[in-house]
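Enquirer: Right, I'll just put the structure down here and ask away after.
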Amino acid sequence: MFGDVSVLAVGDLYQLPLVGQAPLFATVNNGSLNSLHESGSYGFIQLRSSCTDEDINVLSSKIITPKSHDYPTHVCHLYRLNKDVDDGSKFMLNKLASEEQFLIKAADATGGKPIDLSNVPDKRTETGNLHTTLKVAVVALVMLNVNVDVSDGLVNGTSGEIVHVVVNEGNSPIRILVKFDNQTVG
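This note's numbering puts the first residue of the sequence shown at -10, with every later residue one more than the last.
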């Protein structure tokens, strides 16, 4: 409560922990799970005792990695860090190697005059979350990460698939056509 108003504040979950408190998230490893089990955590013991070795083997058999032959490519992937997003995007684009791919360099202009971007850092944290280069391919899955036009459904989180890339005479992309998952968007 703040001034008789309920406030729900959501922010960067990777921010510094509260003074004197543990971080909100921590990486869990098998050693942590073993120590939980050994410490007598009732919930963990109850879960572990209800699972047979066969159950655990079945669940373990469902674990997949990007190198698995049945790794899903046409599903939304969620990542913790921007670096993981970039690595995942590169991995998926490499799987589309047979599709025509385009590398688009960032361009900017003021008053119709181009601005030299050669000294712009390649860190999205310093460029308003914009890339200096963008690699795209037909059939690649895409997701908006900013609100473009709320009234038209072009909002953060809207996803779709690139269906065509329009190029100019120099074979440089000038438009990217996206078929959004929701037919009413766009």
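Where a beta carbon is used, it is the ideal one built from N, C-alpha and C, also for glycine.
(1) Any idea what DSSP makes of residue 169, helix, strand or coil?
(2) What does the alpha-carbon distance come out to for the pair residue 137 and residue 50?
(3) Which term fits residue 98, buried or exposed, when burial requires 16 or more other beta carbons within 10 angstroms of its beta carbon?
(4) Would you report the Cα separation of residue 109 and residue 40, rounded to the nearest angstrom?
(5) Pick helix, strand or coil for residue 164, following the three-state DSSP scheme.
(6) Assign residue 97 to one of three DSSP states: helix, strand, or coil.
(7) Buried or exposed for residue 47, going by 16 or more other Cβ atoms inside 10 Å?
(8) Under the three-state reduction of DSSP, which class applies to residue 38: helix, strand or coil?
(9) When we look at the beta-carbon of residue 151 and count the other beta-carbons within 10 Å, is it buried (16 or more) or exposed?
(10) Check for me: the alpha helix (DSSP H) holding residue 82 runs from which residue to which?
(11) Does the Cβ of residue 141 have 16 or more other Cβ atoms within 10 Å, making it buried, or fewer, making it exposed?
(12) Could you name the residues of the same chain whose beta carbon sits closer than 8 Å to that of residue 157, not counting the 5 residues immediately before and after it, in chain order?
(13) Which value, in whole angstroms, describes the spacing of the CA atoms of residue 43 and residue 65?
(14) When you compare only the Cα positions, how much space is there between residue 166 and residue 53?
(15) Can you check which of these residues, 112, 91 and 113, is closest to residue 125 by C-alpha distance?
(16) Taking the C-alpha atoms as reference points, what is the distance between residue 117 and residue 61?
(17) May I ask you to report which of helix, strand or coil DSSP gives residue 130?
(18) Leaving out five residues on either side along the sequence, give the residues of the same chain with a beta carbon under 7 Å from the beta carbon of residue 89.
Expert: From the atom records:
(1) Position 180 of the sequence shown holds residue 169. It is a strand residue.
(2) The residue labelled residue 137 in the question sits at position 148 within the sequence shown. The residue labelled residue 50 in the question sits at position 61 within the sequence shown. The alpha-carbon atoms of residue 137 and residue 50 are separated by roughly 42 Å.
(3) Here residue 98 corresponds to residue number 109 of the sequence shown, with the count starting at 1. A residue is called buried when at least 16 other Cβ atoms come within 10 angstroms of its Cβ; residue 98 does not meet this threshold and is exposed.
(4) Sequence index remark: in the sequence shown, residue 109 carries index 120 (1-based). Sequence index remark: in the sequence shown, residue 40 carries index 51 (1-based). If I take the Cα positions, the gap works out to 54 Å.
(5) Numbered from 1 along the sequence shown, position 175 holds the residue referred to as residue 164. Three-state result, residue 164: strand.
(6) For the purposes of this step, residue 97 is identified with residue 108 of the sequence shown, where counting begins at 1. For residue 97, the secondary structure class from DSSP, reduced to helix, strand or coil, is coil.
(7) Position 58 of the sequence shown, counting from 1, holds the residue named residue 47. Exposed.
(8) For the purposes of this step, residue 38 is taken as the residue at position 49 of the sequence shown. DSSP places residue 38 in helix when its eight states are reduced to three.
(9) Position 162 of the sequence shown, counting from 1, holds the residue named residue 151. Classification of residue 151: buried, given that the 10 Å Cβ count is 16 or more.
(10) Position 93 of the sequence shown, counting from 1, holds the residue named residue 82. Per DSSP, residue 82 belongs to the alpha helix (DSSP H) from 71 to 84.
(11) Here residue 141 corresponds to residue number 152 of the sequence shown, with the count starting at 1. Burial call: exposed.
(12) One-based indexing of the sequence shown puts residue 157 at position 168. The answer, listed in chain order, is 163.
(13) One-based indexing of the sequence shown puts residue 43 at position 54. One-based indexing of the sequence shown puts residue 65 at position 76. Distance between the alpha carbons of residue 43 and residue 65 is about 30 Å.
(14) Taking the sequence shown and counting its residues from 1, the one referred to as residue 166 is at position 177. Taking the sequence shown and counting its residues from 1, the one referred to as residue 53 is at position 64. Looking at the two C-alpha atoms, the distance is approximately 32 Å.
(15) Numbered from 1 along the sequence shown, position 136 holds the residue referred to as residue 125. Among 112, 91 and 113, the Cα nearest to that of residue 125 belongs to 91.
(16) Working through the sequence shown from its first residue, we reach residue 117 at position 128. Working through the sequence shown from its first residue, we reach residue 61 at position 72. C-alpha separation (whole angstroms): 31 Å.
(17) For the purposes of this step, residue 130 is taken as the residue at position 141 of the sequence shown. DSSP places residue 130 within a strand segment (E or B) once states are collapsed to three.
(18) Mapped onto the sequence shown, residue 89 falls at position 100. Correct list, in chain order: 126 and 127.
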